[in-house]
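In this note's numbering, the protein residues as written are -10 to 278.
Idealized CB from N, CA, C, for every residue including glycine.
Please read these numbers as outputs of a predicted model, since none were measured by experiment.
Reading through the structure tokens given below for one structure.
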Amino acid sequence: MQFIKKIFSPFIATMKFIQEHFKAMLFLLILFLIFAPQSKENLKPHNLEEIYLVGPVMEISEVVDQIDEAASNEFVKGILLNVDSPGGAVAPSIEVAYALKRAREKKPVIVYASGTLASGSYYASIWADEIIANPGSMVGSIGVIMQGADVSELMQKIGIKSQSVQAGKYKKVGASDREWTEYEINELNKVIQGTYDLFTTDVADARGLDIKKRDSFANAHIFTAQQAKDVGLIDSVGVEYDAKNRLVILSGVSEPLWNKEDKFDKIMKKLSAQTAATIHTYFPALVLK
């Protein structure tokens, strides 16, 4: 009997271990199935990176981080920024523009307009090596706007009065509880024109255009992809397939391997963009539009 026990003892010990640690082993198996590479390609680091800029340009820290990380990643040989955005706030648009400018110093950068490339999102894209736009996309709208509602009549009807204490003649510029005065409008125009000059000068410098002819490519004109090409705002018209192929050529990779964005991350980005747009509705600021 002892002899038989000795023979089967390894088997019995194995079964006992499985019974005692079944849940832990099952958990590890599930993790392996989720994260295990699906093919030999997954074992290789990607050498081309596609980054998305979707929705209003408001909260862009993640996009800027992605661009900077891709620029410093020695395995990544080229960056494609896929844009579908109507524009947004001035400062965030410039943040993305300068992130692309930094990346361009290290490796090829292409912007692909998959839908709308307008105003702030166009500003964000100007320093790419090339801009390629979908034939059905809208491009341009290079302009600046600051707007607010005059709710004074509504306040009178429902019996609400505003009150404030401030120092400085222009401290209440843009207030919505009354009609703006002439001197307030002049003050806002100073900011608007200064920002417009900055916008158009940067576009002209980045795209090699004549700033003296900015009314032809700026002035808030909206262009089709082909019209945008004709005035020099983009380099070519094509679909995403063309944009990716162009980056493969510029980067010189022989076996292109693209990063795959997680579906959950995509959903969260869209939610973040919607949240930023909602906040901006209630707290308006200087907008490229």
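Problem - Separation of S205 from Y41, as counted between CA atoms - result: 29 Å
Exercise for the section: Measuring alpha carbon to alpha carbon, tell me which of V72, E48, V43 and V65 ends up nearest R244. Expected result: What sits at residue 244 in the sequence shown is Glu, not Arg. That would be V65, whose Cα lies nearest to the Cα of E244.
Practice task
Can you grab the Cα-Cα spacing for the pair V226 / L106, in whole Å?
Solution key: 13 Å
Practice task
Using a threshold of 9 Å, state whether the C-beta atoms of V162 and E176 are closer than that.
Solution key: yes
Practice task
Measure the beta-carbon distance from Y112 to F188 and round it to whole angstroms, keeping in mind my assumption that it falls under 8 Å.
Solution key: 6 Å
Handout entry: Y101 to E84 span [Cα, whole Å]
Key = 18 Å
Practice task
Count the CB pairs spanning the stretch 33 to 51 and the stretch 69 to 77 that are closer than 8 Å, and state whether there are at least three.
Solution key: yes
Exercise for the section: Could you check the C-alpha separation between I120 and G148 for me, to the nearest Å? Expected result: 53 Å
Handout entry: Continuous beta strand (DSSP E) stretch holding V43: start and end
Key = L37 to V43
Problem - Residue range of the unbroken alpha helix (DSSP H) whose run includes F188 - result: E171 to R196
Problem - Distance between beta carbons of A207 and I115, contact taken as under 8 Å - result: No, I115 and A207 are not in contact; Cβ-Cβ is about 12 Å, not under 8 Å.
Problem - Simplified DSSP state of A113, which is helix, strand or coil - result: helix
Exercise for the section: Please check the pair L236 and L69, which I expect to be a contact at CB under 8 Å, by giving their CB distance rounded to whole angstroms. Expected result: 5 Å
Handout entry: Separation of Q182 from Y230, as counted between CA atoms
Key = 39 Å
Handout entry: Member of V53, R167, N62 and A122 whose CA lies at the smallest distance from the CA of Q215
Key = A122
Exercise for the section: Keeping to the same chain, check which residues put their C-beta closer than 8 Å to that of V117; ignore five residues upstream and five downstream. Expected result: Per the sequence shown, the amino acid found at residue 117 is Ala instead of Val. Closer than 8 Å at Cβ, skipping near neighbours: L70, L89, R93, V98, I99 and V100.
Problem - Classification of G129 by the beta-carbon crowding that lies within 10 angstroms, buried from 16 upward - result: buried
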